[in-house]
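Data block below; observations after.
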Amino acid sequence: MRNPDPRGEALAPGKIWFVGAGPGDPDLITVKGRDLLARSGAILYAGSLVDRTATRYAPPDCDIRDSKDMTLEEMVDWLCEMAGRHAIVVRLQTGDPALYGALIEMTRPLSDAGIDWAVVPGVSSAMASMAAARETMTLPEVTQTVILTRTAGRTPMPEGEDLEALAAHHCTLCVYLSATLIGKVQRALRAAGWREDAPILVVQKASWPGEEKIVRGSLADIAQKCREGGIGRQAMIIASPTLGSAGWETLLRSKLYDPAFSHRYRRASEAA
Ligand code: SAH
């Protein structure tokens, strides 16, 4: 499997980099991720969620493969084989690799095989969705907490993590992998006491050039608005008491920029 070097010794295998491709826009990859792609000998990209244009930074002779139709075992085998041939091998994943990305399932067999690996974080779709809608996840004295979660689909939720329990915090909830289960999300929020007029945001294909769709609604009508807007897969549901705050009449100031508030980098002004 390993390439013999010209002196007849086995070369140490290459390193496998799990790189976050970002949410869709190929410009939203990190500089580090882009540089690794440009130096890579092989790329395995998650074609169901990552557009092939994300591999446009790869060198011309790079071995590029879509993992859409592969099993986990096939992916691991391919990565191991490529690590025997190239110093830099990239596994390109949507958003951030640490979120719903089967990272540990893939890296454990690599570690067992003695292959080194590392992670380059990416812009997650929750962040891209808020950016697209020009919204904030946190707001002083409204909420200072963000929960990244999902509803149970084929993967069950561990005890204590059902959406109703999480929604009881009334903080910002970013619900992944659940666009087709929006009715379930509505029921959980209602059971947790969210009002019918609570604002809900759904963003499909956030940051994808020309394909992004933003749907705004309330707890009462969001499912219907999603149906009307043709929202299917690859959408993020965000429920937050901060939504729409750009238009609020009164807003508490963030202490960080308050003239009366001193901190490490700035002294409060006398007049304030
Ligand atoms: N690791 C990814 C999440 C993968 S799970 C990340 O950090 O974003 C796939 C889910 O992510 C989808 O079901 C959808 O909820 C969300 N998602 C991925 N890309 C998206 C995008 N461009 N816009 C909105 N939601 C997206």
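Residue numbers are given in this note's numbering: position 253 of the sequence shown equals residue 1224, and the series is strictly consecutive.
No residue lacks a Cβ here, since even glycine has one placed at the ideal position from N, Cα and C.
Note that the structure is a prediction, hence the values are computed from the model and not measured.
query: Beta strand (DSSP E) runs wholly inside the stretch 1037-1107, at least 3 long, in chain order; result: 1059-1064, 1088-1091
query: Range covered by the alpha helix (DSSP H) that runs through residue 1196; result: 1193-1199
query: Start-to-end residues for the alpha helix (DSSP H) that takes in residue 1177; result: Note, residue 1177: premise wrong, no alpha helix (DSSP H); not H, not E.
query: Endpoints, beta strand (DSSP E) assigned at residue 1210; result: 1206-1210
query: Straight-line Cα distance separating residue 1066 from residue 997; result: 11 Å
query: Nearest-angstrom Cα separation, counted from residue 1056 out to residue 1211; result: 48 Å
query: Span separating the alpha-carbon of residue 1035 from that of residue 987; result: 14 Å
query: Nearest-angstrom Cβ-Cβ length linking residue 1086 and residue 1007, presumed shorter than 8 Å; result: Residue 1086 to residue 1007, Cβ: 16 Å. No contact.
query: The stretch 1179-1186 in contact with the stretch 1137-1148 per 3-pair CB rule at 8 Å; result: no
query: Where residue 974 falls, given that 16 or more other Cβ within 10 Å makes a residue buried; result: Reliability fails at residue 974, whose pLDDT of 44 lies under 50, so the model's placement of it is uncertain and the value that follows must be treated cautiously. It is exposed - the Cβ of residue 974 has fewer than 16 other Cβ atoms within 10 Å.
query: Cβ contact (3+ pairs, closer than 8 Å) linking the stretch 1201-1217 and the stretch 1024-1034; result: no
query: Whole-angstrom C-beta distance between residue 1093 and residue 1004, which should lie under 8 Å; result: 7 Å
query: Cα-Cα separation, residue 1161 to residue 1072; result: 30 Å
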